[in-house]
Amino acid sequence: MNLSSLKEIKKALLEKQISSEQLVQACFDRIKEHDHEIGAFLHLYEEAVLAEARQVDLDRASGKEMLPLAGVPMAIKNNILVQGKKTTAGSKMLENYEAAYDATVVKHLRAAGMIIIGDTNLDEFAHGSSTENSAFFTTKNPWNTKKVPGGSSGGSAAAVASSFVPVALGSDTGGSIRQPAALCGVTGLKPTYGRVSRYGLIAMASSFDQIGPFGHSVDDVAEIFSVIVGNDEKDATSVESDVVVPELISQDVKGLRIGIPKEYFIEGMDSEVKKAVLAAAEIFKTNGAEIQEISLPHTEYAIATYYVVMPCEVASNLSRLDGIRYGHSAEGKSLLETYLAARGEGFGPEAKRRIMLGSFALSKGYADAYYKKALRVRSLIRQDFDEAFKHVDVILTPTSPTVAWDIGAKFADPLTMYLSDIYTVSANLAGIPALSLPCGFDQGLPIGLQLMAKPFDETCLFRAGKFYQTVTDWHLKRPAEF
Amino acid sequence: MNLSKEDIKHIADLSRLKIEDEKLEMYRGHLVSILGYVEKLTEVDTNGVAEFVSVFSSVNVWRRDEAKPCDLSERDSVIKSFPRRQGALLEVPAVFEGRVE
């Protein structure tokens, strides 16, 4: 039985070929057998969850009307709050912190009857592109355990790629869903900024952060997206928007206008990645889409803009971790010493770097030259996209310039690591939705295709992505060991 | 952007981070390299360009200024997470040095 697609799982549950308890138990069995090689999970919620699953089975047996996803297991990134569970954000700072409430997305998942079986590893406070910045351990890529899974949502991507769970949630500030999805060969969505409530997501950079789903297919990602989307009075930046009904999305790409930005196909991109992405464009073209070259002139400034604005927001958001109210604490002779010691001990090197960068870029005498300048360039980057979307419906690019790299290879030089986000940060700077899906392999490692659309047009991404997955089978490939 | 070890110490103090002396040079190297890279923003002509405010032309989101009681289990969890507490009270080190009461 193929239990990696939501469609198959829902059918099996509905026809009582499997119970939710068996399904959840199967996930735990598989995780226990293989996760010591991968390191996708930080915590498993075994006992509580099996009881939840049994309750779903009892309800189903009694003939009660069930929601479509009732009893379906999933995992979430460990920077999303689940009441009573340790929500560490991958940091020593929050190693023993138990969430006081459920994030809004968790409430939505519970309302849909889904069963959260555990939480996944990440770079500390979502700072990174490899999960090597986790304070606990590095997650391995299921396709080759010597390679990174990408990050920062590397645990969620690896958990889906390993078929530990059919779907998972991550968060994306500069590519943290799409890049690990690409490196692990799964499908991942960063929604339009404001589509999904950030309430209960441990904030990294508040004007960029969005929660989004991972799955093996666009269908599954679209289905989970439709569960978590919506306005929330507890997140003033969330907006009311049309509900996406996955079943109603057209799978025809005739007349779809697809733009290929010339600035993305530059030095530094692997030739195999380029080949695979252009081959995907060719598939759309032969099936009736119109392909045109477009220009996003400020692309080369995206990383620089992001690495000014984002650390400023990080420095501000992480100031709440003062060692007084929650999290790691330290004894100091004065309040100041308590702050210095608690934060000095609790944060890892990458978090410290970003906090210091932000403090510097916001400090007196430098804020105009760095922070305000970067905000102006951010406006120009957004205008590039506004202009492009007058001519095209979808922008097609690689997700990552390379396939997964060796663990340790980029760890010593932060700037090299930052440059691996070159194709993903722009969507966060502009607030637009973007989808990554598998489109080939190089040296046995998955290559990711990125599709971007105008704000609130996730439907267009699903349309193009679903079509692509009906005519290709990259998304059906699984790592050999599994 | 050239930064000295003293500059890094100052930035660390502003950031409320205790950094060991032997690590200052490492952070100095990283910050200089990153700030050197972001200097390319000076190439962009931003005359007359407004600072980015938010992803959407947002308007204020208003609500009544009313206290809404939270779930008791949430309240208990919040209190439980205070590193130092007396009953339901959060214990904070003295703010003014030299005073002990």
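For the record, the sequence lines run as chains A and B. For the first sequence, my numbering assigns the number -17 to the initial residue and increments by one for each residue that follows. For the second sequence, my numbering assigns the number 22 to the initial residue and increments by one for each residue that follows. Don't be surprised by glycine CBs; every beta carbon is placed ideally from N, CA and C.
Candidates A:K392, A:G422, A:D101 and A:Q4, of which the one nearest A:K129 by Cα:
Checked all of A:K392, A:G422, A:D101 and A:Q4; the closest Cα to A:K129 is A:K392.
Please list the terminal residues of the continuous alpha helix (DSSP H) segment that includes A:D224.
It is not in any alpha helix (DSSP H) - A:D224 carries neither H nor E in the DSSP assignment.
Please report the residue range of the alpha helix (DSSP H) in which B:L62 lies.
In the DSSP annotation of this structure, B:L62 is not part of any alpha helix (DSSP H), being labelled neither H nor E.
Return helix, strand or coil for A:N299, following the three-state DSSP convention.
Here A:N299 sits in helix by DSSP.
Assigned secondary structure, A:E275 (DSSP; H/G/I helix, E/B strand, else coil):
strand
Residues sharing a beta bridge with A:P55, DSSP:
A:I97
Exposed or buried, which one is A:E47 when buried takes at least 16 other CB atoms within 10 Å?
exposed
Quick test of your reading: A:N103 and A:A22, contact by CB under 8 Å. State the CB separation rounded to the nearest angstrom.
Contact between A:N103 and A:A22 holds: their C-beta atoms lie close to 6 Å from each other, under 8 Å.
So which residues on chain B does A:M338 lean against when the C-beta distance must stay under 8 Å?
I29, I32, A33, S36, L38, Y48 and L52
What are the boundary residues of the alpha helix (DSSP H) that A:T320 is part of?
L317 to G328
With a cut-off of 9 Å, does the C-beta of A:K74 fall near any C-beta of chain B?
no
Helix, strand or coil for A:K257, going by three-state DSSP, please let me know.
helix
Three-way DSSP call (helix, strand, coil) for A:H25 in this model:
strand
When DSSP labels each residue in this structure, what does A:S112 get in the three-state scheme?
coil
At least 3 beta-carbon pairs within less than 8 Å: the region 375 to 387 of chain A vs the region 140 to 151 of chain A:
With the cut-off at 8 Å, the region 375 to 387 of chain A and the region 140 to 151 of chain A do not touch.
Option nearest A:A351 by Cα separation, candidates B:D97, B:E64, B:S36 and B:N81
Nearest C-alpha to A:A351: B:E64.
Alpha carbon of A:K(-11) to alpha carbon of B:R37, nearest angstrom:
50 Å
Thinking just about the alpha-carbon of each residue, which of A:K448, A:E80 and A:T120 is nearest to the one in A:G309?
Among A:K448, A:E80 and A:T120, the Cα nearest to that of A:G309 is on A:E80.
Does DSSP classify A:E313 as helix, strand or coil?
coil
Under 9 Å, Cβ to Cβ, is there at least one residue of chain A near B:L93?
No, because no Cβ of chain A sits closer than 9 Å to the Cβ of B:L93.
Which residues of chain B have a Cβ atom closer than 7 Å to the Cβ of A:A82, listed in chain order?
Within 7 Å of the CB of A:A82, the CB atoms of chain B belong to E95, S98, V99 and S102, in sequence order along the chain.
Taking the alpha-carbon of A:D375 as reference, which of A:F266, A:L322 and A:P331 has the nearest alpha-carbon?
Closest option to A:D375, Cα to Cα, is A:F266.
Name the chain A residues whose beta carbon is nearer than 8 Å to that of B:E43?
What B:E43 touches in chain A: nothing, since even the nearest Cβ is about 13 Å away.
Residue environment, A:R177, which counts as buried when at least 16 other CB atoms sit within 10 Å:
buried
Taking 8 Å as the limit between beta carbons, can you name the residues of its chain near A:Y83, skipping five residues before and five after?
Correct list, in chain order: L63, Q65 and G182.
Mapping the DSSP letters down to three states, classify B:G108 as helix, strand or coil.
If DSSP states are grouped into helix, strand and coil, B:G108 belongs with coil.
Determine contact between the region 447 to 464 of chain A and the region 224 to 239 of chain A, defined as no fewer than three beta-carbon pairs at a distance below 8 Å.
yes
How long is the line joining the alpha carbons of A:S134 and A:M399, rounded to whole angstroms?
12 Å
Touching or not, the region 244 to 251 of chain A and the region 268 to 280 of chain A, by the rule of three or more beta carbon pairs under 8 Å?
yes
A:T69 burial status per 10 Å Cβ neighbour count (16 or more: buried):
Label assigned to A:T69: buried.
A:A43, buried or exposed, once every other Cβ within 10 Å from all chains shown has been counted against 16
exposed
Would B:S115 pass as an interface residue toward chain A - the criterion being a Cβ-Cβ separation below 9 Å?
Checking the sequence, you will find Ala at residue 115 of chain B rather than Ser. Closer than 9 Å: yes.
Quick one: Cα of A:I184 to Cα of B:V53, how far?
29 Å
From the DSSP secondary-structure annotation, give me the bridge partner or partners of A:R239.
When beta bridges are read from the DSSP output, A:R239 appears opposite A:E272.
Beta carbon proximity, B:L110 to chain A, threshold 9 Å:
no
What three-state label does DSSP hand A:F423 in the structure shown?
strand
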